[in-house]
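Counting from 32, one number per residue, gives the positions in the sequence shown under my numbering. Virtual Cβ for every residue (Gly too), placed ideally from N, Cα, C. No experiment lies behind these values; they were computed from the predicted model shown. Here's the structure, in structure tokens; my notes come after.
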Amino acid sequence: MTTWRFAACLALLPCVPLHAQADLSRKPYVIERLHRATTFQLDGTGSTTLDMRIRIQSTAAVNRFGQLTIDYSSGNQRLDIDFVRVLKAGGDTVTAPATAIQDLTGPVARDAPMYSDLRQKVVTVPALQPGDTLEYHATWTTHTPFAPGNFWDEAEFMRGSIVLDERISYDVPRQTHVQVKTEGGPEPRITENGNRRTYIWQRANLTIDTTGRQATFLSRGQHHSVSLTTFRSWAEVGQWYQGLERDRETVTPEIQQRAAQLVRGRTTLRDSIAALYDFVSQRVRYVSLQFGLGRYQPHPAADVLSNQYGDCKDKHVLLAALLRAIGVPSAPVLISAGEPIDPDLPSPGQFDHLITFVPALDSVWLDATPGVAPFQFLFVTIRGKQALVIPQDAAPRLARVPVAPPYRTYNRLDATGTLSDAGRLTTAVRYESRGDVEVIVRGMFQQVPEDNWHLFAERLAAVGDLEGTVQSTTADDPLATRTPFAFTFQLDNPGAVTWSNQHADLEVPLPRLDLPAPDSVPTDSLLVAVVDELTYHARIVLPPSVTPRLPGVVSLTRDYATYRSRAERRGDTLLVERSLTFARRVLPVDRAVDFRSFRDIVREDERRTISLTRSGDAPAMPAATAGDADDLHRRGMAALDANDARSAIRAFRAVTELVPRHQYAWNNLGRAYMMLGKTDSALLAFHKQIEINPYDQYSYNNMGMTLRRAGRRDEAVAAFQKQIEVNPLDRYAHANLGRLLVDMHRDSAAADALEHAVSIAPDDTALQVLLGSACARLGRGSDALAAFGRAVALSPTPEMWNNVAYVLAEQRVELDSAEMYARRAIDQAEGVLRGLALEDAGPREMLAVGRLGAFWDTMGWIYFARGDLAKAERYARAAWLLSNESVIGEHLGQIQQRLGRPADAIQTYALAMNGGMPSESIRPRLIKLLGGNEREADRRIDLASPALMAMRTIKLGKLLSADVSGEVELLIGPGPRVEAVRVASGPSQLQQLTAAIRRATVTLTFPEPDASVKLVRRGVVSCSSPSGNCALVLMPVVSLRFEPATQRVIDRIRN
32 MTTWRFAACL
42 ALLPCVPLHA
52 QADLSRKPYV
62 IERLHRATTF
72 QLDGTGSTTL
82 DMRIRIQSTA
92 AVNRFGQLTI
102 DYSSGNQRLD
112 IDFVRVLKAG
122 GDTVTAPATA
132 IQDLTGPVAR
142 DAPMYSDLRQ
152 KVVTVPALQP
162 GDTLEYHATW
172 TTHTPFAPGN
182 FWDEAEFMRG
192 SIVLDERISY
202 DVPRQTHVQV
212 KTEGGPEPRI
222 TENGNRRTYI
232 WQRANLTIDT
242 TGRQATFLSR
252 GQHHSVSLTT
262 FRSWAEVGQW
272 YQGLERDRET
282 VTPEIQQRAA
292 QLVRGRTTLR
302 DSIAALYDFV
312 SQRVRYVSLQ
322 FGLGRYQPHP
332 AADVLSNQYG
342 DCKDKHVLLA
352 ALLRAIGVPS
362 APVLISAGEP
372 IDPDLPSPGQ
382 FDHLITFVPA
392 LDSVWLDATP
402 GVAPFQFLFV
412 TIRGKQALVI
422 PQDAAPRLAR
432 VPVAPPYRTY
442 NRLDATGTLS
452 DAGRLTTAVR
462 YESRGDVEVI
472 VRGMFQQVPE
482 DNWHLFAERL
492 AAVGDLEGTV
502 QSTTADDPLA
512 TRTPFAFTFQ
522 LDNPGAVTWS
532 NQHADLEVPL
542 PRLDLPAPDS
552 VPTDSLLVAV
562 VDELTYHARI
572 VLPPSVTPRL
582 PGVVSLTRDY
592 ATYRSRAERR
602 GDTLLVERSL
612 TFARRVLPVD
622 RAVDFRSFRD
632 IVREDERRTI
642 SLTRSGDAPA
652 MPAATAGDAD
662 DLHRRGMAAL
672 DANDARSAIR
682 AFRAVTELVP
692 RHQYAWNNLG
702 RAYMMLGKTD
712 SALLAFHKQI
722 EINPYDQYSY
732 NNMGMTLRRA
742 GRRDEAVAAF
752 QKQIEVNPLD
762 RYAHANLGRL
772 LVDMHRDSAA
782 ADALEHAVSI
792 APDDTALQVL
802 LGSACARLGR
812 GSDALAAFGR
822 AVALSPTPEM
832 WNNVAYVLAE
842 QRVELDSAEM
852 YARRAIDQAE
862 GVLRGLALED
872 AGPREMLAVG
882 RLGAFWDTMG
892 WIYFARGDLA
902 KAERYARAAW
912 LLSNESVIGE
922 HLGQIQQRLG
932 RPADAIQTYA
942 LAMNGGMPSE
952 SIRPRLIKLL
962 GGNEREADRR
972 IDLASPALMA
982 MRTIKLGKLL
992 SADVSGEVEL
1002 LIGPGPRVEA
1012 VRVASGPSQL
1022 QQLTAAIRRA
1032 TVTLTFPEPD
1042 ASVKLVRRGV
1052 VSCSSPSGNC
1062 ALVLMPVVSL
1072 RFEPATQRVI
1082 DRIRN
């Protein structure tokens, strides 16, 4: 038995900061009683009761406890909700009826039917209000023990909430050997009565513990507060698991056939084992489950092969069966990816992962879970740890997993470029990786379409301060794991060098070396590296007339790392190399000061530039003479327009050297610094421009924008006001001041500023919308409608109608007008789709589908503002299922919270975090619902990623035993029902699937039962051999939710 069964209950309890001697009456809730009592019998059966009493002191607590979700495994347990009752503040008692309890399939089982025994009971708590007290009692009865004759368990003391009376107890047979361990809490009180022995831990938690170890890349946190086990040795644990697992490795004819196919043509045993590993790793989808959740026994290997998915245990049994099919024995290995196990406490509860050990080839360790890991590669989180190896022909034993990877790990970057006489640097960049980073990067490239690969190159360039435009990104096959992974891109920097008096500085096109910031490390250890070596090379061909002045060689050695940096010239070629080699990856925390010094020296060296000198007979450049400073200024402006701030800075600085009191250069230099976020430098430049011309028409405005971005809002207000004093008709200053005042919720002043702005620029629709919003927040409904009316008159489009409706709904004003505008937008979109035939569907209709999702969401938000939650949920759910946009998911989650369904809201928020461009407010909402548990929130978000894909996935069954794929278009009508299917691309065999697609159930809804619209969706259909399983994945719809200018307004007012 394991503590997972309490997860849903205790996840409802958020972490609430509590200062010493705080008044508990001001807390959202107080847990008055938290009693967990477990009774074990000799045969391993038993029961656990959870008895809770919670004083509800806020609306937030009502939202959190208004619905209880409790997990259990129907395969070996029965869950009884003994009672849920609310003790009203006035003295009455309201008990939840049996109809308030739902028995549901668990979220994992909805996507992976093999885990259908994982279930939840969801209880709607009746009539819960602040001032009430909630009591509930639940009993888990284990009728089929995991290990007959043995038992084990783990429990945690509550540290994230206020608990007045917490009790953990275990009642065990007296004659049974039980090993008990406590960590970070009181020792138990032990009593004996007849043939029973009871261990009781009693405590209160009146302060929030903020000193506990935080989870890191290498550690999840502390060991369990309470652990107990009846196993006397690790050999007993291994023998038990061996009994669960062995028959699941049975070699069926299908497995024998697949193994023969996979090893055909392989000439060595190593190649054969690697082929089987690659198949399981890459072709069997990993389902993430908490280890031991519901079951320790894996599914039969034949089922895993057929279903093509499984958890770590399932992936192992399939790999073991395939290996057995070719005569190679293997063994399961139980291991912990978090804290190292306690070797003195033999318990299955210490493990959270399972890998494979192959004695052949001088011992091979395999982990098929990551999906893109090379053969024999193990993640750093499990390397070097003790694990329980369970061989077939020997006693199970603790063994240490190899500390070192099977090869030296590294990240290598090679940049080969050419510098032109004009200062343009074109560079070909190749990034190659082997090791932990390699597996992470492979996974990233595998999960996104090829046409988005350039985003990773752009990210690398941005993080590493590489200047220029990224072009032509290519990458190795993410599944070709037998060789290091590499990707390449081109970098074009037209302003890499700006000449001034025949001199210039060149920033070498190499990214910063990956070193952690010591200030952000945990308190127990300092992780300094995840690879053995970082090596960056640059090779730049210089013009013949250019001579570099080389910086000195840097050599820095510590016991944990060695840094080398050197530059040399070979003919016309400049060579630069930086390397960082690690001897140790983890340092004790007392070495942080030393490491910070080491890191600072490396960073300082990376900032050094290469000084270039051009000979006198070199071609004269326009920027090199004072007479052409204006031309140099034009080059700087071109760089600004191309978002190349660094080139612009070089150009403008050169101008200020040639003409120190240039009319515009200091202002534009400040703009370039502002683009890089260099606030102090930008402000100095603007002040210099004002010193030259106190009535400059741009500088105060730009100064205000810089100060606003830096969070110095009051100073920004003063700067915008000064700009208006200089030029009372400056439309941008009035607009910027109005926007800033809206951000500051100074709505009256904002409205005044925006009224000035729209009087100067009456045709600016975004300003009209922003003015309407400010007036709405002031309760000036008629003025708000007037401003919105002008915006609609300027842009009478469905998008603008929707925008105005959305802003009114956000501000909870003029909701009748909001509904009118939203209905007008919906009618227009539905008009395009009403009575549609699939052969007539084109880009216009596809676009209308995306717009309709946004319009439905706005209507739902209007109903939410009115308090009509049933209609609000209908429209928001229809919009969410259609578009999967994060903002819509956030709306649906808020509606579900208001309906008293926090479990639904948690799932929706986790899904929404995996949608496109999630807002910054979703994760805090999820964390709050999970009781402040950030780790649990991140776990839920990770689990929701495949769930979101599953919402768009339609399993068609075993239809076509061939590896084929293509695109199809669907016409979906009310019901929902697939009315027509068209194969858009792919082999002719896909025509055989159209009938099955038409019969398929689509996860969509329509907000109104009498809807007559038809939705056009595009999807990718694929089949695999030999299973014949086929599936259709619908592509996300494209929603043009708001015009860009109005979107900025929406983002602003939502804060």
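Rounded distance between the beta-carbons of residue j and residue i, thought under 8 Å
i, j, result
"Ala840", "Ala849", "5 Å"
"Phe406", "Trp396", "Incorrect: roughly 10 Å between the Cβ atoms, too far for contact."
"Arg956", "Gly931", "Not quite, the Cβ-Cβ distance comes to about 16 Å (not below 8 Å), so this is no contact."
"His568", "Asp445", "5 Å"
"Asp699", "Met734", "In the sequence under discussion, the amino acid at residue 699 is Asn, which differs from the Asp named in the question. At roughly 13 Å, the Cβ-Cβ gap does not stay under 8 Å, so Asn699 and Met734 are not in contact."
Rounded straight-line distance, which links the Cα of residue j to that of residue i
i, j, result
"Ala53", "Gln160", "Residue confidence is low: Ala53 scores 45 on pLDDT, short of 50, so the model does not pin down where it sits. No coordinate-derived value is stated."
"Arg908", "Val468", "39 Å"
"Leu510", "Ile87", "53 Å"
"Asn767", "Arg905", "38 Å"
"Ser303", "Val294", "5 Å"
"Pro1007", "Ala1027", "15 Å"
"Ser250", "Lys416", "Caution is warranted here: a pLDDT of 40 is assigned to Ser250, below 50, making its placement in the model unreliable, and no coordinate value can be reported."
"Leu1089", "Tyr591", "This structure cannot settle anything about residue 1089, because the visible part of the chain is limited to 32 through 1086."
"Val335", "Val315", "8 Å"
"Arg57", "Ser813", "40 Å"
"Tyr418", "Asp345", "The question names Tyr, but residue 418 is Ala in the sequence shown. Their backbone Cα atoms lie some 18 Å apart in a straight line."
"Ala333", "Ala391", "24 Å"
"Pro827", "Asp794", "13 Å"
"Asn732", "Val562", "47 Å"
"Arg1030", "Thr283", "33 Å"
"Pro542", "Thr299", "41 Å"
"Ala853", "Arg971", "34 Å"
"Ala1042", "Tyr201", "58 Å"
"Pro204", "Gly225", "9 Å"
"Val1068", "Gly920", "15 Å"
"Val1039", "Val880", "For the record, residue 1039 in the displayed sequence is Glu; it is not Val. One C-alpha to the other measures close to 16 Å."
Short Cβ contact (8 Å threshold) for residue i with residue j
i, j, result
"Val479", "Ala404", "no"
"Ala527", "Arg461", "no"
"Ile641", "Val539", "yes"
"Ala797", "Asp778", "no"
"Val61", "Ile193", "yes"
"Val117", "Ile199", "no"
"Ser385", "His347", "Position check: residue 385 holds Leu in this sequence, whereas Ser was assumed. Contact flag set, yes."
"Val156", "Ala934", "no"
"Ala836", "Ile893", "yes"
Simplified DSSP state of residue i, which is helix, strand or coil
i, result
"Pro540", "coil"
"Leu878", "helix"
"Tyr852", "helix"
"Thr1036", "coil"
"Val434", "coil"
"Met734", "helix"
"Ser1056", "coil"
"Tyr591", "coil"
"His787", "helix"
"Val1068", "coil"
"Gln133", "strand"
"Val117", "strand"
Worksheet entry | beta strand (DSSP E) runs wholly inside the region 437-462, at least 3 long, in chain order | 441-450
Worksheet item: Which whole runs of the alpha helix (DSSP H) in the region 463-548 are 4 residues long or more, in chain order?
Response: 467-478, 485-494
Item to complete: Just list the alpha helix (DSSP H) runs in the region 157-244, keeping only unbroken ones of 4 residues or longer that don't cross its boundaries, in chain order.
Response: none
Worksheet item: Which full runs of the alpha helix (DSSP H) of 4+ residues lie inside the region 944-983, going along the chain?
Response: 953-960, 965-982
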